[in-house]
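Participant:
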Amino acid sequence: MHNLIIPTDELPLEVVRERAGRNVLEAAYLGDTLVGCMTVRPPADGNATATVIARILPAHRGRGLGRALYERGLAQARQLGAEVIETVVLASNPEGLTFARANGFVEFDRYVLPGDTIPFVDLRLVGRDGLPGIATR
11 MHNLIIPTDE
21 LPLEVVRERA
31 GRNVLEAAYL
41 GDTLVGCMTV
51 RPPADGNATA
61 TVIARILPAH
71 RGRGLGRALY
81 ERGLAQARQL
91 GAEVIETVVL
101 ASNPEGLTFA
111 RANGFVEFDR
121 YVLPGDTIPF
131 VDLRLVGRDG
141 LPGIATR
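For the record, in the sequence shown the residue sitting at position 24 is 34 according to this note's numbering, with numbers rising by one throughout.
#1: Thinking just about the alpha-carbon of each residue, which of Gly-74, Glu-105, Ala-30, Phe-118 is nearest to the one in Tyr-39?
#2: Start and end of the beta strand (DSSP E) containing Thr-108?
#3: Quick one: grab the DSSP three-state call for Ala-30.
#4: Give me the Cβ distance between Glu-93 and Asp-132, rounded to the nearest whole Å; I'm assuming they're in contact under 8 Å.
#5: Whole angstroms are fine: how far does the CA of Arg-65 sit from the CA of Glu-105?
#6: Mapping the DSSP letters down to three states, classify Ala-54 as helix, strand or coil.
This is the structure we're talking about:
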């Protein structure tokens with residue numbers, strides 16, 4: 011699923027298996043149809059920041075599936091002790107960037123992986139007070 015949505019950063023199966031040992035990875039289905047996936051990178055090494063990434067295939071966007079997946083990931087990040095939430099969106103995904111910004115995320119970094127041309131955008135959830143945190147909308 012990741013490779014369909016993020017074709018610029020294909021992951022071999024062994025990398026997915028390794029990540030499954032340290033992250034929460036879930037596939038999202040609508041009935042029997044695979045529509046997306048989610049990753050929660052828990053806080054680590056004394057850092058209270060978790061990364062929540064909800065990905066929905068383009069044909070299934072705009073139906074609230076991303077919101078449901080994101081809210082599930084946010085709840086899991088809280089249970090894992092997160093105090094700050096970040097996300098990552100491929101710059102070529104305007105729907106994902108719009109979704110993140112509409113849900114309180116603010117861009118703080120962009121980077122291009124070696125050999126790629128499309129940047130990834132790092133965003134941090136900002137509360138109503140303007141400070142990073144896990145505030146809800």
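C-beta atoms are modelled at their ideal positions from N, C-alpha and C, and glycine is treated no differently.
Facilitator: By the coordinates alone:
#1: Gly-74
#2: Counting along the chain, Thr-108 falls outside any beta strand (DSSP E), though it belongs to the alpha helix (DSSP H) covering 104 to 112.
#3: helix
#4: That pair is no contact at about 17 Å.
#5: 11 Å
#6: coil
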